[in-house]
Amino acid sequence: MTNKELVIQRHIWASSDVWDEVKTLRRKRPKLVLSITGDSTTFVPKPWLTPVLKTGLIETARGAKDCLIFNKGSSQRVSSIVRDAIEDFSILQADDSFISLIGFLTKDSEPYESNINSHIAREKHKRGVFHDSFKVSANETTYPQFHADALSDIAERKVVFMKLKDEYLEWRVPVLTIVVEGDLQTIKTVFHVLKKNLPVLVLKGSGKAADFISCFIEAEGTDPDGYIKDKSSILFGIISPKDEMLKDYMTTIHENRCL
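Everything in the sequence shown is counted per the UniProt record's numbering, starting at 1 for the first residue and increasing by one.
Encoded structure:
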């Protein structure tokens with residue numbers, strides 16, 4: 001018998017439904033939305049300081065006062081790092097800070113096991129911290145488009161940022177995608193986010209897709225075909241990527257590097 005329990009998922013059938021679920025779950029609308037992407041099944045050893053990401057998330061959440069974070073909701077490395085950061089935040093949080101974590105599990109993925117029982121989870125929700133997970137209509141192939149559509153829809157929503165005299169000031173919800181580690185699917189995810197004119201922050205030094213993207217952007221004038229051939233085995237542990245669209249993805253990412 002174990003103290004762990006499976007995190008229960010509900011279903012989200014369309015990317016446009018995400019905001020409605022957020023409104024149902026949260027007592028307030030988020031003033032900042034972060035999406036942390038980079039879960040992968042490839043293994044290429046690349047040591048990096050994971051506390052940098054954890055500390056950055058905590059400080060960003062504190063600064064925003066009211067922050068919503070999306071991840072893949074899986075038991076893979078990046079999602080686990082993000083969950084650990086949220087747990088740290090629940091211990092260190094200020095009274096007026098609120099942070100929530102929502103995972104988007106693809107149809108064919110398994111839920112992670114949680115050490116937090118339901119009672120504790122409810123108490124943390126009252127204090128301003130909660131985890132939740134949804135099974136989405138996308139599979140691994142269509143997830144990047146679903147993810148980008150969901151973020152784009154949220155970025156069009158308006159929330160009250162402050163009250164000035166007798167007027168409430170509204171602003172569109174800031175949305176930022178952060179790339180950590182990752183695989184070829186992560187590159188596709190970045191491509192779709194940039195096509196929506198949404199900003200992306202790449203954590204250079206975390207390895208794999210993050211370094212693949214950042215080094216390509218910095219190498220001005222580099223031939224995409226040559227770069228993909230030279231770097232794939234080093235960063236992904238594969239000889240030749242099967243995705244024929246990878247060159248187009250990288251070219252578009254380079255063209256939109258200002259985002």
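Don't be surprised by glycine CBs; every beta carbon is placed ideally from N, CA and C.
Values in this document were obtained by computation on a predicted structure and should not be read as measured data.
Which first and last residues belong to the alpha helix (DSSP H) in which C215 is found? K208 to E218
Count the other C-beta atoms from every protein chain shown that fall within 10 angstroms of the C-beta of H11, then say buried if there are 16 or more, exposed otherwise. exposed
Classify N115 as buried or exposed, calling it buried when 16 or more other Cβ atoms lie within 10 Å of its own Cβ. Bear in mind that a pLDDT of 45 at N115, under 50, signals an unreliable position, so the model cannot answer this.
Mind checking whether L184 and A155 have CB atoms under 8 Å apart? no
If we count the other Cβ atoms within 10 Å of its Cβ and call it buried at 16 or more, is A85 buried or exposed? Buried, by the Cβ-count rule.
Sort E170, V33 and L235 by Cα distance to I187 and report the nearest one. L235
Could you pull out every unbroken alpha helix (DSSP H) segment of at least 4 residues lying fully inside the stretch 18-88, listed in chain order? 18-25 and 50-64
Using the three-state DSSP reduction, which class does E255 fall into: helix, strand or coil? Assigned with DSSP and collapsed to three states, E255 falls in helix.
Round the Cβ separation of residue 260 and N139 to the nearest angstrom and send it over; I've been treating them as touching at under 8 Å. The displayed coordinates of the chain run from 1 to 259. Any statement about residue 260 would go beyond what the structure contains.
Can you list, in chain order, the residues of its chain whose CB lies under 7 Å from that of V173, leaving out five sequence neighbours each side? P30, V33, I154, A155, R157 and V159
Quick check: what's the CA-CA separation for F161 versus A64? 10 Å
Among S233, K229 and S214, which residue has its Cα nearest to the Cα of I253? S214
Since A210 and V180 are thought to touch, with beta carbons under 8 Å apart, how far apart are those beta carbons, to the nearest angstrom? 6 Å
Using C-beta distances below 6 Å, list every residue in its chain close to D66, excluding the 5 sequence neighbours before and after it, in chain order. K28, P30, K31 and F98
So what's D248 in DSSP terms, helix, strand or just coil? helix
Along the beta strand (DSSP E) that carries T177, what are the first and last residues, could you check? V175 to V179
Distance check for S35 and G205, CA to CA, integer angstroms please. 19 Å
Taking buried to mean at least 16 other C-beta atoms within 10 Å of its own C-beta, is P47 buried or exposed? exposed
Assuming contact is defined by CB atoms lying nearer than 8 Å, are residue 262 and L25 in contact in what I supplied? In the structure displayed, the chain extends from 1 to 259; residue 262 sits before or after that span and is not available.
Nearest by alpha-carbon distance to K195: which of A148, T222 and G73 is it? A148
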